[in-house]
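Asks: Okay, so the sequence shown: first residue is 1 according to the UniProt record's numbering, each after it adds one. By construction, the Cβ of each residue, glycine as well, lies at the ideal position given by its N, Cα and C atoms. The structure presented is a predicted model; accordingly, all values stated were derived computationally and were not measured.
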Amino acid sequence: PPIVASCYYGVDTPSSEELISNRLSVEEINEFIGSDSLAFLSFDTLKKHLGKDSKSFCYACFTGDYPVKPTEV
1 PPIVASCYYG VDTPSSEELI SNRLSVEEIN EFIGSDSLAF LSFDTLKKHL GKDSKSFCYA
61 CFTGDYPVKP TEV
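Structure, rendered in structure tokens:
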């Protein structure tokens, strides 16, 4: 799935405002990068392929729903 939110749990990611997937649609990103096509796995497909381990992963960067709400630093 597209990354739409920054990670506050130790992964160095741009701010949510800087993430292209947070600002543009798939079609707009495709046009911006000049590719013939662009597609992402759906969130449900990602979880399906992770199988039984899917409950062990944090999905905040894909959903913006943080297990522990980030505080201002």
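(1) So, with DSSP's three-state summary, where would you put Asp53?
(2) What is the rounded straight-line gap between the Cα of Asp36 and the Cα of Val26?
(3) Go through its chain and collect everything with a Cβ distance to Lys48's Cβ below 7 Å, but skip five positions before and after it.
(4) Can you tell which of Gly10, Val4, Ile29 and Glu28 has the C-alpha that lies nearest to the C-alpha of Glu17?
(5) So, for Phe57: in the same chain, excluding its five sequence neighbours on each side, which residues have a beta-carbon less than 7 Å away from its beta-carbon?
(6) State the DSSP-derived secondary structure class of Lys47, mapped to helix, strand or coil.
Replies: Taking the structure as given:
(1) helix
(2) 12 Å
(3) none
(4) Val4
(5) Leu50
(6) helix
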